[in-house]
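Taking my numbering, the leading residue of the sequence shown gets 17, the next gets one more, and so forth. Yeah, the Cβ is synthetic: ideal placement off N, Cα and C, and Gly gets one too.
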Amino acid sequence: MKIKRYEGRSKKEVLEKIREELGSEALILSERIIQPKGIFKLFQKSGIEVTVTLDDMSRPRNNFNNQLEEKMSKFEDQHKAKEVEMEKQSETIKNLENKLDNLENLIKTMTDKIVSKVKDDDTKKYKNNILQLFYDNLMKNEVDKHLAEEILKDLDDIDEKNNVNDLVRIVYNRIIEFLGKPEEIKIDKEEGKPKVVAFIGPTGVGKTTTIAKVIAKFILDNKKSVGLITADTYRIAAVEQLKTYAEILGASIEVIYSPDELAPKIESYKEKELIFLDTAGRSHKNEEQFKELQDLLRRLDKKEVFLVLSLATKYRDTLDIINKYAEIVEDYKIIFTKMDETLGLGNILNVKMHTKKPLSYITFGQDVPDDIELMNTEKIAKLLLGSYEK
Ligand SMILES: Nc1nc2c(ncn2[C@@H]2O[C@H](COP(=O)(O)OP(=O)(O)OP(=O)(O)O)[C@@H](O)[C@H]2O)c(=O)[nH]1
Ligand SMILES: [Mg+2]
């Protein structure tokens, strides 16, 4: 440790000396006023003595510096470690990103493969262009895929150029055969008892309108005597609707409010050639309504039941409907309505496939009596395979 004393007349003077010699690092240890001594003391001014140290002062400074340096280097180390850590993390994130990219690519490739496979299945199913066109049209009409495949089965090897006509004829015939010969309502009066033709089906499909169309043909074209019974008393408007048609057509009409009233009404119509029974539309989800309808149908001994289905109903819903009606009636024929409201006629084939029941009339508009005909299966086959024009 170096200790040095400096003297001067003022503190300023001494400090300047110290700064000159030791620089600004020197540390002041003590200061003392120096009084002049002896006989000259009266004439002399007091001075100042400053004791300083360089080492002592630099040591704490050094310690401080060291600590500071230590702290700084620790901080730098920590900072570096953090940087390394961050680098590692960003590396990991990059790796993860790469993995995600790879996964995304993999999913895309797989999806593309599946989509192109499905497309291949659906669009490029047949080598023969005509068969492919038929298949595409059947699909557009929402024909059940398996049924469409069945209709076009075993034909792909026929040479296209030489046998176009054969191919077309075969496919048309297959459809016509599959649909079967549509059956119309016939007068069938045995033992003096007219047959009861009952129309059943979901709400709003066109049962009442179709009955009006059918009886108009019997009354106006064939001059037959027809009796009408309506069991649809759920809505006042329903009774009024049929009464209006009956009035215009000159048919008699009876209303029944319970199944017990059915037999007497049928009896009262025994002179008629045909009796039509209109029923209330049933939601295929309402069990109670279905029981009532079943009860009504059971009371008819000589009957012909027509299940009326709208072509505007989706395939899935139509399936539910036919399954539900199959629970309460075994023997029935099918009438399709609202052909004018859809481009897809596939449900005609689909329903036939699921029920195997005979087809009958088809309706294509609201006009009574014009918008109805016995289904023309050749026309339907053409529409299903070729175009959507009606
Ligand atoms: N576009 C079109 N509408 C039809 C056809 N047949 C019936 N309609 C209409 O469908 C609606 C319902 O017809 P309705 O005869 O009352 O049907 P419904 O099955 O008796 O109905 P509910 O008795 O309520 O079950 C009416 O507006 C009819 O004009 C058809 O072939 N095409
Ligand atoms: Mg009705």
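- Task: Could you check the C-alpha separation between Lys115 and Gln94 for me, to the nearest Å?
- Result: Straight across, the Cα-Cα distance linking Lys115 with Gln94 is about 31 Å.
- Message: Please return the same chain residues whose Cβ sits closer than 6 Å to the Cβ of Thr393, not counting the five positions on each side in sequence.
- Response: Ile192 and Leu195
- Message: So, under 8 Å CB-CB, Lys281 and Ile269 are touching, yes? Tell me the CB distance rounded to an integer number of Å.
- Response: Lys281 to Ile269, Cβ: 10 Å. No contact.
- Message: According to DSSP, is Asp276 part of a helix, a strand, or is it coil?
- Response: helix
- Message: Need the endpoints of the alpha helix (DSSP H) that Tyr188 sits in, please.
- Response: Val180 to Leu195
- Are the beta-carbon atoms of Lys161 and Lys318 separated by less than 8 Å? no
- Query: Using the C-alpha atoms, what's the distance from Asn118 back to Met369?
  - Reply: 47 Å
- Which residues bound the beta strand (DSSP E) around Ile49? That run of the beta strand (DSSP E) goes Leu43 to Ile50.
- Query: If you draw a straight line from the alpha carbon of Lys223 to that of Leu163, how long is it in whole angstroms?
  - Reply: 28 Å
- Message: Distance check for Gly217 and Thr295, CA to CA, integer angstroms please.
- Response: Their Cα atoms are separated by approximately 8 Å.
- Query: Roughly how many angstroms separate the alpha carbons of Leu265 and Ser326, rounded to a whole number?
  - Reply: C-alpha of Leu265 to C-alpha of Ser326: approximately 25 Å in a straight line.
- Item | Where Arg314 falls: helix, strand or coil (DSSP) | In the structure shown, Arg314 sits in a helix (DSSP, three-state: H, G or I).
- Hey, how far is the Cα of Ile186 from the Cα of Phe292? Rounded to whole angstroms, Ile186 to Phe292 spans 39 Å at the Cα level.
- Message: I'd like to confirm something about Lys395: is its beta-carbon nearer than 7 Å to some heavy atom of ligand 1, or not?
- Response: No.
- CA-CA distance, Ile235 and Lys373? 27 Å
- Rounded straight-line distance, which links the Cα of Tyr331 to that of Gly402: Their Cα atoms are separated by approximately 21 Å.
- Query: If we call anything under 8 Å between Cβ atoms a contact, is Ser62 one with Ile44?
  - Reply: no
- 8 Å CB neighbourhood of Asp182 in its chain, flanking five on each side removed: Ile174
- Item | Rounded distance between the beta-carbons of Val213 and Glu320, thought under 8 Å | 5 Å
- Task: Tell me, please, which residues DSSP counts as bridged to Ala214.
- Result: Leu293 and Val321
- Message: Alpha carbons only, please: which of Ile34, Arg35, Glu158 and Lys205 is nearest the one belonging to Thr358?
- Response: Glu158
- Sub-8 Å separation of Val255 and Asp248 beta-carbons: yes
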